[in-house]
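Report on the structure given below.
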Amino acid sequence: MLRAPNKALLVKLFYMNQESATITLHKFRVQKNLKSGKGPLTPAGLLKLVKRFEETGKLEDRARAGRPCLKEARAPCIAVGMEAIASEAASGTSSASEAARQLGLPPSSVRNILRRILQLYPYELQSCHELLPADTAQREAFAKWAFCKMEQDPTWVFNILWTDEAHFSLHGDVNNYNCRIWVTSNPLEYTQKPLHSPKVTAWCGFTGSFIIGPFFFETQCPVNGWISETVNAQRYLTLLWETAVPCLIQRGQISNVTLMQDRATSHTANSVKPFLIQTFGEDRIVSRRCRYPWPPRTPDLTPADFWLWGYLKSRVYLSGPSSLSELKDTIRREASSIHPDMFHSADAGFVTRLECLLPVVVVWCTKVVKVFCSLFIHCFFDLRTSAPPTG
Numbered sequence: 373m374l375r376a377p378n379k380a381l382l383v384k385l386f387y388m389n390q391e392s393a394t395i396t397l398h399k400f401r402v403q404k405n406l407k408s409g410k411g412p413l414t415p416a417g418l419l420k421l422v423k424r425f426e427e428t429g430k431l432e433d434r435a436r437a438g439r440p441c442l443k444e445a446r447a448p449c450i451a452v453g454m455e456a457i458a459s460e461a462a463s464g465t466s467s468a469s470e471a472a473r474q475l476g477l478p479p480s481s482v483r484n485i486l487r488r489i490l491q492l493y494p495y496e497l498q499s500c501h502e503l504l505p506a507d508t509a510q511r512e513a514f515a516k517w518a519f520c521k522m523e524q525d526p527t528w529v530f531n532i533l534w535t536d537e538a539h540f541s542l543h544g545d546v547n548n549y550n551c552r553i554w555v556t557s558n559p560l561e562y563t564q565k566p567l568h569s570p571k572v573t574a575w576c577g578f579t580g581s582f583i584i585g586p587f588f589f590e591t592q593c594p595v596n597g598w599i600s601e602t603v604n605a606q607r608y609l610t611l612l613w614e615t616a617v618p619c620l621i622q623r624g625q626i627s628n629v630t631l632m633q634d635r636a637t638s639h640t641a642n643s644v645k646p647f648l649i650q651t652f653g654e655d656r657i658v659s660r661r662c663r664y665p666w667p668p669r670t671p672d673l674t675p676a677d678f679w680l681w682g683y684l685k686s687r688v689y690l691s692g693p694s695s696l697s698e699l700k701d702t703i704r705r706e707a708s709s710i711h712p713d714m715f716h717s718a719d720a721g722f723v724t725r726l727e728c729l730l731p732v733v734v735v736w737c738t739k740v741v742k743v744f745c746s747l748f749i750h751c752f753f754d755l756r757t758s759a760p761p762t763g
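Numbering follows my numbering, in which position 188 of the sequence shown is assigned residue number 560; successive positions increment by one, without gaps.
Rendered as structure tokens:
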């Protein structure tokens, strides 16, 4: 269907070329880079267009006779029906199928009118973590404190040891939005998932340059081998005492990192807190019930929840591990293969998300801090890569 500008150009070319329909169409195709002999009109069609323009002074088609289109008449009723359904739902959602049932119309016609006449499109409702009224002030206070720390020490954010646990089930979870099979016909494939899949609980800690772990909460049974355990205060303390802290000492980082842990009960128990203070000092702990508390309900801030676990699971389940031992080996292999640049980017993303918690009036100063941190880190990596080899 020709648009009005193209119709106007055809009429103009028609009068400029001695009212020759053939020459007009040829020059129009040249200007529009169309193939020779391909549209937009036949010579007879062009003559009808010119005749209609001379008779009416308009380029639009004449109103067609016959039965009127029902889509235009039905559109207001459908719009009212959709609004009524949305007002009855607590979430404000509406259903085209329900509107079709109430109005006695085919569902395909309702969807066609919604899209083409009313210009309405279905959007998936997004869910996010619930925040309580008091959380906003705590998140803002934490963001201000964090940017003050970065202003004092540009490397501070890259020396935070982000720690967290996550469950890895043996059969994994299929993300239906990212899982697509490209074939010529529908393969009718299904993925079977057991009701209770065996799983392991992994703990990791990482900074802007390295990762320790994953370590697993498990115990050895003489009959069934290694069995996964739930995380409690004693098991968490044992993992820190016997595994995590020795790894930091071996790397020579125990006096450099700032430990960050979420507000899980096992992390903040009375038996765990003295060990953390003795190992890291009160100034290098970000946790509930400590001098610098981690704000509640903030999985959007920590890079472990925001990036690490999702990335690891997307890599681990590619190979389809068939046993828990194979699953653990795959988790270890994928975690050890993460490039340090990805840890650095995860910390930089944390700073970007932290900006969203601040009032607009103070965001400009945080950008100065970010630029200073970026310049410092780039210089640090440039010096490290250009240094002559030792030994």
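Even for Gly, the Cβ is constructed at its ideal location relative to N, Cα and C.
- Annotated as proximal: Ala605 and Ser643, with beta-carbon spacing under 8 Å.
- Per DSSP, the unbroken alpha helix (DSSP H) holding Lys645 starts and ends at 645-652.
- Rounded to whole angstroms, the gap between the alpha carbons of Arg623 and Val629 is 11 Å.
- The C-beta distance from Ile584 to Cys619 rounds to 4 Å, short enough to fall under 8 Å.
- Per the C-alpha coordinates, the member of Cys593, Gly577, Pro586 positioned closest to Gln633 is Gly577.
- Spatial neighbours of Lys399 in its own chain (CB-CB distance under 6 Å, excluding positions within 5 residues in sequence) are listed in chain order as Leu385.
- Under the three-pair Cβ rule at 8 Å, the segment 665-677 counts as touching the segment 505-523.
- If you compare the alpha carbons of Thr556, Thr602, Pro559 with that of Lys571, the shortest gap goes to Thr602.
- Within its own chain, no residue has a Cβ closer than 6 Å to the Cβ of Gly692 once the five positions on either side in sequence are excluded.
- The Cβ neighbour count for Lys430, taken over all protein chains shown within 10 Å, is under 16; the residue is labelled exposed.
- Judged by their CB atoms, Thr637 and Ser600 are not nearer to each other than the 8 Å cut-off.
- Distances from the CA of Thr651 to each of Leu442, Asn531, Val617, Glu444 were compared; the closest alpha carbon is that of Val617.
- In this structure, the CA atom of Asp655 is about 43 Å from the CA atom of Pro594.
- DSSP places His539 in the strand class (E or B) of the three-state scheme.
- DSSP places Tyr683 in the helix class (H, G or I) of the three-state scheme.
- Burial check for Met522: the Cβ neighbour count within 10 Å reaches 16 or more, so the residue is buried.
- Judged by beta-carbon spacing, Thr579 lies within the 8 Å limit of Leu533, meaning their Cβ atoms are closer than that value.
- Check the Cα spacing between Arg607 and each of Phe589, Thr394, Pro712: the tightest is with Phe589.
- For the 8 Å CB-CB criterion, Leu486 and Leu492 form a contact.
- The three-state secondary structure of Ser600, taken from DSSP, is strand.
- One thing to note: Ile703 has its Cβ no nearer than 8 Å to the Cβ of Leu729.
- Linking Ser686 to Met714 through their CA atoms gives a straight-line distance of about 15 Å.
- For Gly580, there is no enclosing beta strand (DSSP E), since its DSSP letter is neither H nor E.
- DSSP lists Ala574 as the bridge partner or partners of Phe588.
- Contact annotation, Glu470 with Ile450: C-beta distance approximately 11 Å; criterion of less than 8 Å not satisfied.
- With fewer than 16 neighbouring CB atoms inside 10 Å of its own CB, Pro559 falls in the exposed class.
- Fully contained in the segment 447-480 are the following alpha helix (DSSP H) runs of length 4 or more, in chain order: 468-475.
- Within a 10 Å sphere around the beta-carbon of Thr414 sit fewer than 16 other beta-carbons, which makes this residue exposed.
- Here Cys441 carries a coil assignment [DSSP, helix/strand/coil].
- If you look at Leu631, you'll find it in the beta strand (DSSP E) that goes 630-632.
- In the structure shown, Leu492 adopts coil according to DSSP, grouped into three states.
- Phe425 and Gln474 have their C-alpha atoms some 45 Å from each other.
- Under the DSSP assignment, Val529 falls outside any alpha helix (DSSP H); it carries neither an H nor an E label.
- DSSP places Ala707 inside the alpha helix (DSSP H), whose first and last residues are 696-708.
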